[in-house]
Amino acid sequence: VMELGYDAVLLNTGVAKAGDPVAMAAAFSKAVEAGRGAYCAGLLAPRDMAVPSTPVIGMAAFS
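Mapping the sequence shown onto our numbering, position 19 (from 1) lands on 1366, and the numbers just tick up by one.
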């Protein structure tokens, strides 16, 4: 659930002034659902150093 306040005012402006308000409202709804899903998925553990997530085996080496 989004907090009401400035966020609601900005969302209303985007929907009200859109060429297709129904489609814009649906897009905002999907964005809020996606944001909630990302939040619920959790953060990565913090690290002191960068660690590559892509394996280097089999990658071309350029010199």
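Beta carbons are placed, not taken as given, at the ideal position from N, Cα and C, and that holds for glycine.
Delimiting residues of the alpha helix (DSSP H) encompassing residue i
i       : result
ALA1397 : From DSSP, ALA1397 is part of no alpha helix (DSSP H); its letter is neither H nor E.
Reduced DSSP secondary structure (H/G/I, E/B, other) of residue i
i       : result
MET1371 : helix
LEU1391 : coil
LYS1377 : helix
GLY1405 : coil
Cα-Cα separation between residue i and residue j, rounded to whole angstroms
i       : j       : result
GLU1380 : ALA1363 : 21 Å
ARG1394 : THR1401 : 17 Å
LEU1357 : TYR1386 : 22 Å
MET1396 : GLY1361 : 40 Å
VAL1320 : ASP1367 : Residue 1320 lies beyond the stretch modelled for the chain, which goes from 1348 to 1410, so this question has no answer here.
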